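Residue 81 in my numbering sits at position 81 of the sequence shown, with consecutive numbering throughout. Built from N, CA and C at the ideal position, the CB exists for glycine as well. Computed from a prediction, not measured in an experiment: that's the story for all the values here. Worksheet: one structure, shown below.
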Amino acid sequence: MPQNLFDLTGKFAFITGATKGIGRAIAEAFVDHGATIALTSRKADQAEAVAAEINARVGRDAAIGLAADLAELPGLIASYDAAVARFGRIDVLVCNAAAVPEGFGGAADFPVEEYRRFMDCNIVNNAQLMLHAAVAMKARRDGVILATSSAGGLRASYGVSPYGVSKAGLCSLVRNLGAEFAPYNVRVNAIAPGLTMSYSLGEAIKAHPDVIEQYRLGSPLQRIVQPEEVAAGMVMLATAAGRSITGQTIAIDAGEPGSGSPPAV
Numbered sequence: 001m002p003q004n005l006f007d008l009t010g011k012f013a014f015i016t017g018a019t020k021g022i023g024r025a026i027a028e029a030f031v032d033h034g035a036t037i038a039l040t041s042r043k044a045d046q047a048e049a050v051a052a053e054i055n056a057r058v059g060r061d062a063a064i065g066l067a068a069d070l071a072e073l074p075g076l077i078a079s080y081d082a083a084v085a086r087f088g089r090i091d092v093l094v095c096n097a098a099a100v101p102e103g104f105g106g107a108a109d110f111p112v113e114e115y116r117r118f119m120d121c122n123i124v125n126n127a128q129l130m131l132h133a134a135v136a137m138k139a140r141r142d143g144v145i146l147a148t149s150s151a152g153g154l155r156a157s158y159g160v161s162p163y164g165v166s167k168a169g170l171c172s173l174v175r176n177l178g179a180e181f182a183p184y185n186v187r188v189n190a191i192a193p194g195l196t197m198s199y200s201l202g203e204a205i206k207a208h209p210d211v212i213e214q215y216r217l218g219s220p221l222q223r224i225v226q227p228e229e230v231a232a233g234m235v236m237l238a239t240a241a242g243r244s245i246t247g248q249t250i251a252i253d254a255g256e257p258g259s260g261s262p263p264a265v
């Protein structure tokens with residue numbers, strides 16, 4: 001048994017959507033556990049700035065920033081390949097970037113273009129990036145592929161049905177690829193966060209404090225998930241601590257129950 005089950009020393013990771021929120025927390029946690037990372041944002045300057053901040057904090061060249069847009073598959077693949085060219089290989093892929101809701105409504109209120117946007121980004125393009133990364137991982141019989149799903153992919157998502165459906169599809173993708181790649185020692189898993197503190201949630205709390213409080217009190221632990229808690233789950237799955245886990249989606253959601261009824265605004 002390794003002395004440190006949570007060690008990422010010597011590992012190279014590629015993390016999408018990693019300049020804020022959960023993605024930033026994952027990037028910080030991976031570096032703190034010894035990894036060297038490439039982190040992405042749709043804007044290169046933002047990714048480079050965050051990488052510089054991380055490097056300054058830890059006192060080593062632990063991160064590089066690259067531009068990548070989940071909606072633009074060729075550029076996404078090119079960014080991954082640039083990281084491989086820089087590091088020589090990628091040991092851990094973290095698909096954290098996602099198409100997110102720009103509004104709320106009933107399932108019929110979303111135009112077909114929105115359904116397609118969610119499916120193309122959250123399922124199709126993530127799948128293609130995973131499959132691209134898996135080629136080298138399978139060849140060397142070692143690798144980890146992780147994704148950020150959502151508690152909304154495990155139960156009904158009032159007001160954001162297309163998003164929830166796409167995240168449910170991501171859970172299914174992880175389950176299938178986990179089984180397919182297991183013979184090659186490539187593990188595929190996801191974390192499904194519940195209501196998680198972020199800048200956007202902070203703004204929502206200001207606008208609708210009673211609604212957010214209703215959600216919080218509706219969870220058995222009566223708390224809002226913190227990004228660092230999701231990141232800790234990702235570290236576990238990326239390291240030897242998670243070597244017997246594949247094809248799984250683990251909920252980090254303060255014990256959120258079933259969908260229940262939509263909160264009154």
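- Its chain contains no residue whose beta carbon lies nearer than 6 Å to that of E28 once the 5 sequence neighbours on both sides are disregarded.
- Of the other Cβ atoms in all chains shown, 16 or more fall within 10 Å of the Cβ of R187; this residue is therefore buried.
- Here S198 is buried: its Cβ has 16 or more other Cβ atoms, across all protein chains shown, within 10 Å.
- When the beta-carbon positions are compared, V50 and T19 come within less than 8 Å of each other.
- Excluding five sequence positions before and after S161, the CB atoms of its chain that fall closer than 8 Å to its own CB belong to G106, A107, F110, given in chain order.
- Look at V160 here: in three-state DSSP terms it is coil, with no helix or strand label.
- The Cβ atoms of N122 and S166 sit closer than 8 Å to each other.
- G143 sits in a strand when the DSSP states are folded into three classes.
- Taking C-beta separations shorter than 6 Å and ignoring five residues to either side along the sequence, the partners of M137 in its chain run G143, V186, following chain order.
- Within the same chain, Cβ atoms closer than 8 Å to the Cβ of A62 are found at V31, A35, T36, I37, I54, N55, the five residues on either side in sequence being excluded.
- Here the C-alpha atom of G218 lies approximately 33 Å from the C-alpha atom of A127.
- If you draw a 10 Å sphere on the C-beta of G103, you find fewer than 16 other C-beta atoms in it, and that means exposed.
- The alpha-carbon of L5 is positioned some 21 Å away from that of R140.
- Residue burial annotation: D210 is exposed, with fewer than 16 other C-beta atoms found within 10 angstroms of its C-beta.
- Between G65 and the set A13, V92, Y184, the nearest pair of CA atoms involves A13.
- In the three-state DSSP reduction, V100 falls in the coil class, being neither helix nor strand.
- The continuous alpha helix (DSSP H) containing N55 extends over residues 44-58.
- Per the C-alpha coordinates, the member of P74, L39, T196 positioned closest to R86 is L39.
- The criterion of a C-beta distance shorter than 8 Å is satisfied by S150 and P193.
- When secondary structure is reduced to three states using DSSP, N4 falls in the coil class, being assigned neither helix nor strand.
- Just so you know, the alpha carbons of A52 and Q46 end up roughly 10 Å apart.
- Here I252 is not near E228, since their CB atoms are 8 Å or more apart.
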